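These notes are about the structure you will find just below.
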Amino acid sequence: MVYLLTIFFAAIFTHNVALTYLLGMCPFISLSRNLKTATGMAGAVIFVVTMTAAINWPIYHLVLVPSGSELIYYITFIVVIAASVQLVEMLMERFFPSLQAAFGIFLPLITVNCTVLAISLFMVLREYNFIQTMFFAVGSAIGWMLAIVMVAAINEKLELIGDIPKGYRGAAIIMVISGIIALSFLGFSGMLRIQ
Amino acid sequence: MSRKNNEGYKTFVNGFWRDHPIFGMVLGICSALAISNRVENAIAMGAGVTFVLVATALIISPLRSMIPLRARIITFMIVISTFVIIVDKFLKAFFPTISTAIGPYVGLIITNCIIMGRAEAFYTQNKPGISIIDAIANGLSYTYTLVIIAAVREVLGFGTLMGFRVTPTGWTNWVVMSMAPGAFFLLSIFIWLTRTIAKIESP
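Sequence lines, in order, name chains A and B.
Numbering (the working numbering) for the first sequence: 1 to 195.
Numbering (the working numbering) for the second sequence: 1001 to 1203.
Following this line, the structure appears as structure tokens:
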């Protein structure tokens, strides 16, 4: 149990997917201009990451490993991710139109969010069991949310008052903000140890 | 010079400088940040991405009229991940040290938005020849960006270049340069400089 919590908090703070492993940066840069879109995207990411990790773990350990076909796990994972995102989008459109309006538009973008695939790859690389995978997936997604929400909130204020040089506007200033936050997250390093 | 050559030249220049994938369109940032800590990793990653881009162009572009619109994303994904498996196995077999250093990021070439973006925007609309030119231009511009950033980060962060010591004795490594914050700061400076030179306004 302690180890599970260690995985969970390590995934949020010391091994943050966005600020330590630099994953999911494309949507991170393009969506962190506005707090509301950032929160919507982050909610969709938490949902999809957890769901795809829960589907990919049994597929890898119960189908691919026994049949000796680990070679194709990239293809399998990405197809599972793309298919389940499509399915969720269709179900949501049909049954939860209000939810669809809130973060449905982010769902198609999620297929190319590297966080989702990365969690599945890390799960294989670090040989987590199913429960550990779930804690790791939820923790990582929350960590990503924490990072994008912080950056978006700062950026929103900065655009109101800041006088940013022309070439720095947009992507570059977001990277500076993320760099400063990543620097402060280095303060957490060494607090928790996972493999 | 025929019109076709002109078109090819224009596509190349666009991919190489004007619509540069990293500072122009801000695509493929994950690996640009994560892999640019050592020059050899950057070269391996750049070569891998260029190979996957060219191979994807070669497959997608001739088949562009046969791919159904609704199933196109998943088709791209399958084509891309097939070639990424080849890159992964190639690195594991011939460059095991680089393969362990960049680890899961090879697999993440699949979700590199440059490849998806170019497939969606260019290969589905253009003939194979011009698509391959575009693929090479984008691959090269991605590679040179990674190598420039990696050269600065490796010298400052480890005191070496391509594994050879270049800094004088008594040099203290800037450890932060080899970690995430250094990547963010350097890439932002790179984007600022290139955007100022290329006079690209932020959208």
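Using N, Cα and C, we set each Cβ at its ideal position, and we do this for glycine too.
Fair warning: this is a prediction, and the values are worked out from it, not measured in the lab.
- request: Could you confirm whether any beta carbon from chain A is found closer than 8 Å to the beta carbon of THR1143(B)?
  value: One-based indexing of the second sequence puts residue 1143(B) at position 143. So no, THR1143(B) is outside the interface.
query: So, does the CB of VAL1084(B) fall closer than 8 Å to a CB anywhere in chain A?
result: Working through the second sequence from its first residue, we reach residue 1084(B) at position 84. VAL1084(B) counts as touching chain A.
- prompt: Secondary structure at ARG1165(B), three-state DSSP: helix, strand or coil?
  reply: Locating residue 1165(B) in the second sequence gives position 165, counting from the first residue. If DSSP states are grouped into helix, strand and coil, ARG1165(B) belongs with the strands.
message: Tell me the rounded alpha-carbon separation between GLY1015(B) and TYR168(A).
response: To locate residue 1015(B), count along the second sequence from 1; it is residue 15. To locate residue 168(A), count along the first sequence from 1; it is residue 168. Their Cα atoms are separated by approximately 22 Å.
- request: Can you check the stretch 1064 to 1104 of chain B for any alpha helix (DSSP H) of at least 4 residues that lies completely inside it and give the ranges in chain order?
  value: 1072 to 1094, 1096 to 1102
field: Extent of the continuous alpha helix (DSSP H) run through PRO1128(B)
entry: Here residue 1128(B) refers to the residue found at position 128 of the second sequence. Where PRO1128(B) is concerned, the enclosing alpha helix (DSSP H) stretches over 1128 to 1158.
- request: Output the distance between the C-alpha atoms of MET145(A) and ILE1148(B), rounded to the nearest integer angstrom.
  value: Here residue 145(A) refers to the residue found at position 145 when the first sequence is read from its first residue. Here residue 1148(B) refers to the residue found at position 148 when the second sequence is read from its first residue. Roughly 31 Å separates the two Cα atoms.
- prompt: Nearest to ASN1138(B) by alpha carbon, out of LYS1127(B), VAL1152(B), PHE1122(B)?
  reply: Within the second sequence, the letter at position 138 stands for residue 1138(B). The option with the nearest alpha carbon to ASN1138(B) is PHE1122(B).
task: Let me know if VAL1013(B) comes out buried or exposed under the rule of 16 or more other beta-carbons within 10 Å of its beta-carbon.
output: Taking the second sequence and counting its residues from 1, the one referred to as residue 1013(B) is at position 13. Exposed is the call here.
- prompt: If we count Cβ pairs, one from each stretch, closer than 8 Å, do we get three or more for the stretch 40 to 57 of chain A versus the stretch 136 to 152 of chain A?
  reply: yes
- prompt: Should SER1031(B) and ASN1112(B) be called a contact, given that it needs their Cβ atoms to be closer than 8 Å?
  reply: Position 31 of the second sequence, counted from the first residue, corresponds to residue 1031(B). Position 112 of the second sequence, counted from the first residue, corresponds to residue 1112(B). Going by C-beta atoms, SER1031(B) is nearer than 8 Å to ASN1112(B).
- prompt: Is it buried or exposed for ASN113(A), if we count other Cβ within 10 angstroms and need 16 for buried?
  reply: Within the first sequence, numbered from 1, the residue matching residue 113(A) stands at position 113. The residue in question, ASN113(A), is buried, as its Cβ has 16 or more Cβ neighbours within 10 Å.
- request: Return helix, strand or coil for ALA18(A), following the three-state DSSP convention.
  value: Taking the first sequence and counting its residues from 1, one reaches residue 18(A) at position 18. Coil at ALA18(A), not helix or strand.
- request: Out of SER69(A), THR14(A), PHE8(A), state which residue places its alpha-carbon closest to the alpha-carbon of ALA1180(B).
  value: Position 180 of the second sequence, counted from the start, is the residue given in the question as residue 1180(B). For ALA1180(B), the nearest C-alpha among the options comes from THR14(A).
Unbroken alpha helix (DSSP H) run spanning GLN132(A), endpoints: As a first step, residue 132(A) is located in the first sequence; it is residue number 132 there, counting from the start. That run of the alpha helix (DSSP H) goes 130 to 161.
query: What span of residues does the alpha helix (DSSP H) with ARG185(A) cover, start to end?
result: One-based indexing of the first sequence puts residue 185(A) at position 185. Correcting the residue type first, residue 185(A) is Phe in the shown sequence and not Arg. Residues 171 to 185.
- prompt: Leaving out the 5 sequence neighbours to the left and right, which residues in its chain are closer than 8 Å to GLU1007(B) when beta-carbon positions are compared?
  reply: The sequence position of residue 1007(B) within the second sequence is 7, counting from 1. So the list reads ILE1130, once near-sequence residues are dropped.
query: Can you tell which of VAL1052(B), GLY1107(B), GLU1120(B) has the C-alpha that lies nearest to the C-alpha of SER120(A)?
result: Start at 1 with the first residue of the first sequence, and residue 120(A) comes out as number 120. Among VAL1052(B), GLY1107(B), GLU1120(B), the Cα nearest to that of SER120(A) is on GLY1107(B).
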